[in-house]
Structure formats: C-alpha cells, structure tokens
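Before any comments, here is the structure.
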Amino acid sequence: MILFALVLFLYTALITQLALGIVKMKKQNPIEISVPKTTFSIIVPFRNEAENLPILLKSLERLNYPTTLFEAILVDDESDKKFEVRSLKYEVKIIPNQRKSNSPKKDAIETAIQIAKHDWIVTTDADCEVPENWLQVFDSQIQKKDVKMCIGSVGYTSETGFLHDFQNNDFLSLQGVTAGSFGIGKPFMCNGANFAYEKTFFNQLNGFEGNNNLASGDDVFLLQKALKVASEKIAYLGNINIVFTKSCDSWKTLLHQRVRWASKTSAYASWYPKILGMVVFVTNLSSLILLILPIYQLNLWEMTAYFFVMKFAIDFMFLKFSSAYFRIPFKNFLSSFLAYPFFTALVVGSAFYGKFEWKERQVK
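Numbering that gives the first Met the number 0 puts the sequence shown at residues 0 to 363.
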C-alpha cells in the first residue's frame, strides 16, 4: 500500500507542477503584430490526402500575409493517386519524396528544405486548418525576440461522439503538458503541425541526423537539439495561433498513432520527460491493479476508492486548467477517465512490439 501511496504522491506533485506552469504561461505579454518582413517556406508532407489538402490550401489562401513572402511545398510521399493543385493566389509546388531513411516524414521535410527558397521553414500537416494570422504571429515573434524557432499549439476540430471526446481530452492534456513544461522551464514537447524554424538553424543542428532510425519525432528531437545549443532562441506561442487538425476516425487508427508517439519516448535526451512518462504509466497501471486486488482482499476497497478519487480530482483539475488556457472545451471526462488506464496499457504493450501502421504502411 505504501507503494501505491508513493506513486500517487509523485503523480500529484508532477501534474500540480505542470498546472502551475500553465498558470505562469497565462502571465505572458500578448504578441503585437508587426509589419511583415520574414519569408516562409511552408512544408506539407502528404500521402493519400486528396480529401484534406484542399481545406488546408484554402486556409493558406486566407492568410493575412503578403503572398510574395511565402510559398507552399507539398511533398508527395507515394500517394496512390496524383494530387492536382488548382490555381491559387500564392506559389505552390508539388514534389516527390526522396526516401533515404526509416522516417518518411523527416525525408519529406529534408527533401523540401533542399529546394525551399525562403529563410524560414514552417511545417504543418495535410489534414490541418491554419488561422488567418498564422504567419503574422510567427513574423512578430521573429522580429521582436530575434528567435530561431517558434513552437505553436494544436487542437482538434469539433466533432461528435465518444471517440472524438476521448481524443480531445487526451490531446488537450498533452498540450497542457507542453504549456506547463515551458512554464516551469523544462520544455520537451512540440508538434510538427505548427512548428517553425530558421533554415540556417536547421542546418546548424544537422537536421534530423541522429534520429532518422525512428519513424516519428521530426518535431521533438529537433527541439531537443535546439534546447542544447540555443534555448534562449526558442519561442513558445502558447494559446494563440492554434492550428486545428482532425482526430482519428477509428480506435485502431488512434492506437497506431499513440504507439507511434510513444515509440520515441525512450530516445528523449532529457531525463524529465522520461520520468514524467514513467510516473504517468505506473499511475495508470496502478489504477488497473487496484481494480483487481479488492476482489481477493476486500479490505483494499477503501484504498482503491481513495486512489481513484484523488486521481480523478488531479486529472480533472489539470484538464480544466488546459481547457481554460487554450479556450478549448472538453466533454465526457468521466468516461475518458475510466477508459484511459486500459488504453494506456494497450499503447505501452503495443509499443514494446515495435510495429505500427502509419499512412497505410507498416513501420518499425
């Protein structure tokens, strides 16, 4: 019982620390829009995204930014059908991916960077919609703070059903962890759907060299490299400039996505995300164990009830903080709370297997 109490104590301490980090981020000064100067090459890797790409391209057309200062480079990663771009107000190129590693997405980004004509690289995903002031906010940060990397937030588009609510609650928590970790000075996460960096800085960091063996991590490992050499040159945009993406349309797809994300945890250079990930996993595993133990020892029901009530309160508090900060609502919290330990165990177990499906391909 002491072990369960220790796990709960560590979990409470870490999550509370991150919640306080979110509070600290709220005190940041608002970003002032400047006269546009920075030039951007927007890179979008895609595979079989004919349904989603027109939505993204339309949102890029609505950008409040001079079309002479940005271009879009779409990198086709072996789609089954060729995608044709209609006439747009800005420059768009479609190029084939040049595969050379175990990571199709990293290869796609490096392929595009080789022909990118502008000073800054911005990455997003084919199933995203970007806000109208997307590039303006990046530009303002670059001009006023002289940064080399900008990290934006990502949310899910509004949909119905428990599958979406579960993903939204989980993803909102992850975005909260990102904000909280920046708030306490221990950043380790970012999302390639809303990520910008200076092209010369990317080359200075030797790009994705050193982690091309992992299919995922085109964002976080680049951040890890940047933190080592120029942490003061990294800007976190917090709750402004949020890019919205679609949630997974099936539990199977969601499982493979989370396994892909989990597969890079052990490769983090920093100790903090490893400890946080381990404590979160052990806490959820403890939840499952405490559901079973009282069947054999009736006197453990009180301990189980206390553990679940405390974890419920901590998780709800953190999600509430995240929701308020990003101004993204959440629903079905109780159902998500009960399902999450089972889902976490399934993800971790599948991650040990080492294979997952991504963009209709088997990846190790």
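The beta carbon of each residue, even a glycine, is placed where N, CA and C say it ideally should be.
All values derive from a computational prediction rather than experimental measurement.
For Arg85, does the count of other Cβ atoms within 10 angstroms reach 16, so buried, or fall short, so exposed? For this step, residue 85 is matched to residue 86 along the sequence shown. Exposed, since its Cβ has fewer than 16 Cβ neighbours within 10 Å.
Tell me whether Leu287 sits in a helix, a strand or coil according to DSSP, three-state version. Residue 287 sits at position 288 when you count from the first residue of the sequence shown. Looking at Leu287 - three-state DSSP - the assignment turns out to be helix.
Rounded separation between Gln256 and Thr156 - CA only: Mapped onto the sequence shown, residue 256 falls at position 257. Mapped onto the sequence shown, residue 156 falls at position 157. One Cα belongs to Gln256, the other to Thr156, and the distance between them is close to 17 Å.
Would you decide whether Ser246 is buried or exposed? Buried here means 16 or more other CB atoms lie within 10 Å of its CB. Here residue 246 corresponds to residue number 247 of the sequence shown, with the count starting at 1. With 16 or more other Cβ atoms within 10 Å, it is buried.
Can you name the start and end residues of the beta strand (DSSP E) that Ile233 belongs to? Within the sequence shown, residue 233 is the residue found at index 234, counting from 1. Start and end: Ile233 to Tyr235.
For the stretch 82-136, which segments carrying the beta strand (DSSP E) assignment without a break, of at least 3 residues, lie completely within its bounds, in sequence order? Those beta strand (DSSP E) runs which fall completely within the stretch 82-136 and span 3+ residues are 90-95 and 119-122.
Exposed or buried, what is Gln113 when buried is set at 16 or more other beta-carbons lying within 10 Å of its beta-carbon? Residue numbering aside, residue 113 sits at position 114 when the sequence shown is read from its first letter. Exposed, since its Cβ has fewer than 16 Cβ neighbours within 10 Å.
Glu197, enclosing beta strand (DSSP E) - first and last residue: One-based indexing of the sequence shown puts residue 197 at position 198. Taken as a continuous stretch (DSSP letters only), the beta strand (DSSP E) holding Glu197 covers Phe194 to Glu197.
Check Pro44 in the structure and name its three-state DSSP category. Indexing the sequence shown from 1 puts residue 44 at position 45. DSSP places Pro44 in strand when its eight states are reduced to three.
Straight-line Cα distance separating Asp145 from Leu226: Here residue 226 corresponds to residue number 227 of the sequence shown, with the count starting at 1. Here residue 145 corresponds to residue number 146 of the sequence shown, with the count starting at 1. Their Cα atoms are separated by approximately 16 Å.
C-beta atoms of Met188 and Val219 nearer than 8 Å: In the sequence shown, residue 188 corresponds to position 189, counting from 1. In the sequence shown, residue 219 corresponds to position 220, counting from 1. In this structure, Val219 lies closer than 8 Å to Met188 by Cβ.
From Lys319 to Lys81, what does the alpha carbon distance come to, in whole angstroms? Position 320 of the sequence shown, counted from the start, is the residue given in the question as residue 319. Position 82 of the sequence shown, counted from the start, is the residue given in the question as residue 81. Distance between the alpha carbons of Lys319 and Lys81: 44 Å.
With the cut-off set at 8 Å, would you say Asn193 and Ser152 are in Cβ contact? Residue mapping note: residue 193 aligns to position 194 of the sequence shown, counting from 1. Residue mapping note: residue 152 aligns to position 153 of the sequence shown, counting from 1. Yes, these two residues count as a Cβ contact at 8 Å.
So the beta strand (DSSP E) Ala364 belongs to, where does it begin and stop? Residue 364 falls outside the range modelled here, since the chain spans only 0 to 363, and no answer is possible.
My guess is that Phe3 and Ser285 are in contact by the Cβ rule of under 8 Å, so how many angstroms apart are they, rounded? By 1-based counting over the sequence shown, the position of residue 3 is 4. By 1-based counting over the sequence shown, the position of residue 285 is 286. 6 Å between Cβ atoms; contact.
Rounding to the nearest angstrom, what Cα-Cα distance links Trp119 and Tyr196 in this structure? Position 120 of the sequence shown, counting from 1, holds the residue named residue 119. Position 197 of the sequence shown, counting from 1, holds the residue named residue 196. Rounded to the nearest whole angstrom, the CA to CA distance from Trp119 to Tyr196 is 6 Å.
Where does Asn421 land, buried or exposed, given buried means 16+ other C-beta within 10 angstroms? This structure leaves residue 421 out entirely; the chain is present only between 0 and 363.
DSSP puts Glu70 in a beta bridge; with which residues? The count along the sequence shown starts at 1 and reaches residue 70 at position 71. Ser40 and Glu90, per the DSSP bridge assignment.
List the residues that DSSP assigns as beta-bridge partners of Ile150. Here the question's residue 150 lines up with position 151 in the sequence shown. Ile150 is bridged to Phe194 and Tyr235.
Straight-line gap, Asn283 to Ser58 (C-alpha atoms, nearest Å): As a first step, residue 283 must be located in the sequence shown, where it is residue number 284. As a first step, residue 58 must be located in the sequence shown, where it is residue number 59. Asn283 and Ser58: Cα-Cα distance of roughly 39 Å.
In whole angstroms, what separates the C-alpha of Ala49 from that of Pro95? Here the question's residue 49 lines up with position 50 in the sequence shown. Here the question's residue 95 lines up with position 96 in the sequence shown. Cα-Cα distance, rounded: 15 Å.
Three-state secondary structure (DSSP) of Val34: On the sequence shown, position 35 is the one that residue 34 refers to. Val34 falls in the coil class under three-state DSSP.
Starting from the Cα of Asn240, find the closest Cα among Leu173, Phe325 and Ile288 and give me that residue. Translated into positions along the sequence shown, residue 240 becomes position 241. Closest option to Asn240, Cα to Cα, is Phe325.
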